[in-house]
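S.K.: This is the structure, below, for whatever I ask next.
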Amino acid sequence: MSSRLFIECLYGAAVDAHRCSLFARRPVCRPRAMACQPLEAKFWAETPRRVKSNFDGAQFVVAASVIDVKMVHEAKPPHPDFKMTFERAKFRVDRVFKGTVKAGDTFVVDSGISSCGRGVNPEIVSVIDSGFKRARSQDYPKQWLIYHTSQPHIPDAQLQSPAFEIQDSPLSRPLERAAYDVKILEKLRGR
41 MSSRLFIECL YGAAVDAHRC SLFARRPVCR PRAMACQPLE AKFWAETPRR VKSNFDGAQF
101 VVAASVIDVK MVHEAKPPHP DFKMTFERAK FRVDRVFKGT VKAGDTFVVD SGISSCGRGV
161 NPEIVSVIDS GFKRARSQDY PKQWLIYHTS QPHIPDAQLQ SPAFEIQDSP LSRPLERAAY
221 DVKILEKLRG R
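FYI, the numbering for the sequence shown is 41 to 231, going by my numbering.
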């Protein structure tokens with residue numbers, strides 16, 4: 041088994057179902073687990089229950105500003121020989137709703153490692169006469185509401201889930217689309 045194919049399969053890179061089926065005995069490589077699926081409406085519902093559930097499951101919850109975003113090409117543990125390209129965004133905390141972080145602290149989020157990661161400045165693909173044009177906009181949301189969750193570390197496992205990523209989910213979204221959450225979070229803060 042090539043380690044590159046194994047990693048492609050784990051992280052949801054475009055690998056055909058036949059090649060991935062070679063690893064079907066490993067749950068992370070089943071073709072149905074490879075694509076990121078949209079969340080059901082109940083996970084987006086503007087309800088105190090959903091906000092509290094996200095709040096309770098987060099390591100920290102903050103409103104934060106993007107202070108730097110760039111594409112990087114490097115290896116991620118535990119596979120030092122496999123380089124991938126992903127977005128690295130640095131945030132400055134503006135408001136804290138939960139956690140030990142403080143206003144002014146910074147943290148980094150790498151996104152685009154799994155098939156669900158989109159980042160703060162996702163690639164825009166445009167159709168042009170001769171094919172496709174890929175670009176990143178400078179007009180991306182600069183303020184975000186983030187329910188930062190850490191993936192559990194599984195001792196002695198060959199593979200680990202990717203760390204927290206910016207995704208199309210209620211756990212990370214532009215602050216301008218999170219007014220309902222902020223209203224509820226203000227009530228939950230400091231309990």
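Beta carbons are placed, not taken as given, at the ideal position from N, Cα and C, and that holds for glycine.
So, using beta-carbon positions, are Ala104 and Ile224 closer together than 8 Å?
M.R.: Not a contact, by the Cβ cut-off of 8 Å.
S.K.: Comparing C-alpha positions only, which one of His113, Val109 and Val102 sits nearest to Asn40?
M.R.: The shown model of the chain, from 41 to 231, leaves out residue 40, and the question about it has no answer.
S.K.: Ordered along the chain, which non-local residues of its own chain (more than five positions away) have a Cβ less than 7 Å from that of Tyr180?
M.R.: These residues qualify, in order along the chain: Val160 and Asn161.
S.K.: Assign Gly224 to one of three DSSP states: helix, strand, or coil.
M.R.: Note that residue 224 is Ile in the sequence shown here, rather than Gly. Helix at Ile224.
S.K.: Name, in chain order, the residues that DSSP records as bridge partners for Ile186.
M.R.: Ile186 is bridged to Val102 and Ser212.
S.K.: Between Trp84, Val91, Pro88 and Arg128, which has its C-alpha nearest Phe233's C-alpha?
M.R.: The requested residue 233 is not part of the displayed model; the chain covers only 41 to 231.
S.K.: Going along the chain, which residues of its own chain have a beta-carbon closer than 6 Å to the beta-carbon of Arg229, five neighbours each way excluded?
M.R.: These residues qualify, in order along the chain: Phe137.
S.K.: Distance, Cα to Cα, Arg135 vs Val101?
M.R.: Distance between the alpha carbons of Arg135 and Val101: 9 Å.
S.K.: Do Arg284 and Ile206 have their CB atoms nearer than 8 Å?
M.R.: One cannot answer for residue 284 here, as it falls past the ends of the chain, which runs 41 to 231.
S.K.: Please work out which residues of its chain come closer than 8 Å, Cβ to Cβ, to Arg213, disregarding the five sequence neighbours upstream and downstream, and give them in chain order.
M.R.: Excluding sequence neighbours, Arg213 sits near Trp184 and Leu185.
S.K.: In terms of residues, what are the limits of the alpha helix (DSSP H) holding Pro88?
M.R.: First-last of the alpha helix (DSSP H) with Pro88: Pro88 to Gly97.
S.K.: Under 8 Å Cβ to Cβ from Thr189, same chain only, skipping five residues before and after it: list those, please.
M.R.: Counting only Cβ-Cβ distances below 8 Å, and skipping sequence neighbours, we find Gly97, Ala98, Gln99, Phe204 and Leu211.
S.K.: Taking C-alpha atoms, which residue in Val141, Gln77, Val148 and Ile153 lies nearest to His119?
M.R.: Minimum Cα distance to His119 is reached at Ile153.
S.K.: So who's on the other strand from Phe122, going by DSSP bridges?
M.R.: Bridge partners of Phe122: none, in fact.
S.K.: Give a yes or no on whether the C-beta atoms belonging to Phe126 and Asp145 are separated by under 8 Å.
M.R.: In this structure, Asp145 does not lie closer than 8 Å to Phe126 by Cβ.
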